[in-house]
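Trainee: Counted the way my numbering counts, the sequence shown spans residues 4 to 181.
Every residue gets a Cβ at the ideal spot worked out from N, C-alpha and C, and that includes glycine.
Remember, predicted model here, so these are calculated numbers, not experimental data.
Before I ask anything, let me first share the structure, which is written out below as C-alpha cells.
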Amino acid sequence: MEATTKTLWKVDPTHSEVQFKVKHLVISTVTGSFNKFDGSLESTSEDFDGAEASFTIETASVDTNQQDRDAHLQSGDFFDSENHPNISFKGNLKKVSDDEYKLVGPLTIKDTTKEVELNVEHGGTMVDGYGQNKAGFEISGSINRKEFGLTWSMVTEAGGVVVGDNVKLQLNIQLDEA
4 MEATTKTLWK VDPTHSEVQF KVKHLVISTV TGSFNKFDGS LESTSEDFDG AEASFTIETA
64 SVDTNQQDRD AHLQSGDFFD SENHPNISFK GNLKKVSDDE YKLVGPLTIK DTTKEVELNV
124 EHGGTMVDGY GQNKAGFEIS GSINRKEFGL TWSMVTEAGG VVVGDNVKLQ LNIQLDEA
C-alpha cells in the first residue's frame, strides 16, 4: 500500500484579506474586514481536491473604518468578543471544474455552529522569487447573521431595517507551502 503524502499550506496574512458586506438601512452597503486571522490547508493532491481547510478569525479585529461601529460589533449585541474571541471554520475543498471548488464545513460564530457552503476560485500556484510555493484562492458566499446568534436589530421610524440579515463573505487568501 502506497503512503499518501500530505502537503501543509499556511495562510499568508500579509497577502490575504477577509471581508464582509452587509446592507445598512436597506439602501446602502457597509464593508468590513477582520485584520487578524490564521488558517491552513492540508492537501494530498496537487489540484487541492479533497483538501482539509481550517480557519480562525479574531472577532476583536473587526474593522469597518468607524470606531464606534467596531466597538458595537465587538459587544454582546454582535460578536461578544470578550466571551467569544474567535470565529472558526473547518471544511473540505471539493473540485467542481478546472479552477472552481466548493468549500463545505461547519462555521462557528459565538455558540452556534452551522454547515456552510462557499464558492472557491483557485487562482493558481506559483513559486515566488525566494523559491517558496504559493497558492491563491478567492472565496465567496453568504450567511444569515441571525442564524449564528447575531440577532441585534433596530427599525427606523420610517420602518427601515438598520442592519440587513444577509452577510456577504469575500476572502482573498494566499497560502505558503509549509
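At the level of alpha carbons, what is the spacing between residue 133 and residue 111?
Mentor: 36 angstroms
Trainee: Out of curiosity, what's the CA-to-CA distance linking residue 174 and residue 24?
Mentor: 11 angstroms
Trainee: Based on the DSSP output, what are the partners of residue 184 in its beta bridges?
Mentor: There is no way to answer for residue 184, as the model of the chain reaches only from 4 to 181.
Trainee: Please classify residue 140: does DSSP put it in a helix, a strand, or coil?
Mentor: strand
Trainee: Tell me the DSSP bridge mates of residue 174?
Mentor: 21 and 142
Trainee: Tell me the DSSP secondary structure of residue 54 in three-state form.
Mentor: coil
Trainee: Buried or exposed for residue 62, please, with buried defined as at least 16 other CB atoms from any protein chain shown within 10 angstroms of its CB.
Mentor: buried
Trainee: Using the three-state DSSP reduction, which class does residue 151 fall into: helix, strand or coil?
Mentor: helix
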